[in-house]
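Numbering (this note's numbering), first residue to last: 943 to 1303. Worksheet: the structure to be examined is printed underneath.
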Amino acid sequence: MVVFVCTQCNVTLKKSGAQNHLKSSRRCSMVSCVDCHKDFDKFSIASHCVCISEKEKYDKLNYLKSSKGDKNSKQAEWVSKVENAIQNCQSKRLKFFLQNLKGNFNVPKKKKKFENFMRSKYRGIPGEVVEEMWKILEPLKLEITSNVSSNSEKDFPHESLKDESKPKKQKLEEKCDFLSRDYVLNILSELGGSALFSDVRRKIYKTYTIDIHSSQECMTKKEFKTKLLDVIQSSECFTFSPSSGMISISSDDLRTQSNSCSNQNANISPSKGFDTLSHQNDKTHDRKSIKRLLIPIIHDAGGRISVKKLVKKVSLHILSSNDQKETNANKDELKSKIMNKVSRSHSMKLSDDRKYVELCS
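Structure (structure tokens):
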């Protein structure tokens, strides 16, 4: 809506009121637009249908970004096209009716609305005349729609690529190696055979995001979580308890992994001796993995377990079968680490005779 101020009497007027004011008042010859501060007389005021908005005036950068879907700019273009068609019209009969459309900013762009507009403006106008007028204006409407679509593709090319990114993302999800059974098995074996689901998810998702690089192609944490849960629950290799949130490798898979470890250890040359074995065990005796194993083992045993049994069960998860047969030094070392962990932990405690480990209530 355009608002004017009279330069003589400082009265604020709308467009229709400003036109009547200029015609009726002899003293007042000019009005000024509130937005663009331009002056208009009674002849030039008819052409000023639309003016700049406050957003365009004070916030140009954001206005240019959002000007793609600006309705006022489309309507202004339509009105200017209509005025050009009126000047080029050769039929005197049609030009008489079309001449009065000058200065009307609300000329409809649809056929039915245009017919109703013309019938309300000129009562008793023949339907044939209205149809002939619309035949002149209809090709102009098609020109505007084609210009708008071409401009939107030039100014905003990234929006046309949005649909292309979706199938690419789907392909990445299908080919994702991080959601495979074997990869989850490797991660769990690194964590000592069992771990919290949140820890496994966090570790896999971190490596997944580093590998993908682009944030647009990455799955969200929620999507990744649901897909990872499907992989774990659908496979027989894992046992998952929703109450505690623990995932562990099933016994058959533990045996196959221990056999593969023993085969790797058999290939070690005897000249390397015990030092190489102890070096490998230092890697496997990860402090975090021992701590993660203790609580679920004690919980499964009913909240109380003997130190001897606890060491045996932890060694089954951590130590390879070769180490258990060859020497008890590894078990003694593991026992001291377990006792250390229990004494420092707030969730576990040793009994008075130091033979049992209990969960704190």
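A virtual CB, placed ideally from N, CA and C, is assigned to each residue, including glycine. In this text, all values refer to a predicted model and were calculated from it rather than measured experimentally.
Pairwise C-alpha distance: residue j and residue i
| i | j | result |
| --- | --- | --- |
| H1241 | E1275 | 23 angstroms |
| I1078 | S995 | 31 angstroms |
| G1187 | V1173 | 15 angstroms |
| C978 | S986 | 15 angstroms |
| E1080 | V1072 | 12 angstroms |
| Q950 | C975 | 14 angstroms |
| S1293 | F1166 | 43 angstroms |
| N1128 | G1134 | 10 angstroms |
| S1287 | S1183 | 23 angstroms |
| I1146 | L1138 | 13 angstroms |
| G1066 | Q1029 | 24 angstroms |
| A960 | R969 | 14 angstroms |
| S1131 | S1248 | 25 angstroms |
| K965 | A988 | 13 angstroms |
| W1076 | C1031 | 12 angstroms |
| E1025 | E1019 | 10 angstroms |
| P1050 | T1151 | 52 angstroms |
| D1153 | G1244 | 42 angstroms |
| K1052 | H963 | 33 angstroms |
| S1192 | K1291 | 28 angstroms |
| K1164 | I1239 | 30 angstroms |
| V1126 | C1160 | 19 angstroms |
| S940 | V1299 | A question about residue 940 goes unanswered here, because the residues of the chain that appear run from 943 up to 1303. |
| A1027 | K1034 | 13 angstroms |
| S1062 | K1054 | 12 angstroms |
| F1056 | N1048 | 10 angstroms |
| Y1064 | N952 | 35 angstroms |
| L1084 | F982 | 32 angstroms |
| T1168 | Q1175 | 10 angstroms |
| S967 | Q1041 | 25 angstroms |
Helix, strand or coil at residue i according to DSSP, with G and I counted as helix
| i | result |
| --- | --- |
| F1120 | helix |
| Y1125 | helix |
| V947 | strand |
| K1297 | coil |
| V976 | coil |
| I1237 | helix |
| I1067 | coil |
| T1168 | helix |
| D981 | strand |
| S1185 | coil |
| I1174 | helix |
| I1191 | strand |
| Y1000 | helix |
Beta-carbon spacing of residue i, residue j below 9 angstroms
| i | j | result |
| --- | --- | --- |
| L1036 | E1074 | yes |
| I1237 | S1289 | yes |
| S971 | K957 | no |
| N1046 | V1021 | yes |
| I1232 | K1283 | yes |
| H938 | K980 | In the structure as shown, the chain starts at 943 and stops at 1303, and residue 938 therefore has no counterpart that could be examined. |
| K1273 | S1285 | no |
| V973 | C993 | no |
| K1250 | K1297 | yes |
| H1259 | S1177 | no |
| D1295 | R1234 | no |
| M1060 | F1038 | no |
Limits of the unbroken alpha helix (DSSP H) element including residue i
| i | result |
| --- | --- |
| R1246 | R1246 -> not in any alpha helix (DSSP H); beta strand (DSSP E) instead, spanning R1246 to S1248. |
| Q1041 | K1034 to Q1041 |
Residue i - containing beta strand (DSSP E), residue span
| i | result |
| --- | --- |
| K956 | T954 to K956 |
| L1292 | M1290 to L1292 |
| L1138 | S1136 to L1138 |
Nearest-angstrom Cβ-Cβ length linking residue i and residue j, presumed shorter than 8 angstroms
| i | j | result |
| --- | --- | --- |
| V945 | T954 | 6 angstroms |
| R1246 | C1179 | Not confirmed; about 30 angstroms, so no contact. |
| L1170 | R1143 | 6 angstroms |
| K1023 | L1082 | 4 angstroms |
| I1280 | L1252 | 6 angstroms |
| F1120 | T1149 | 7 angstroms |
Residue-level contact to chain B via CB, residue i, 9 angstroms cutoff
| i | result |
| --- | --- |
| L964 | Given the protein chain composition of this structure (a single chain), no chain B is represented. |
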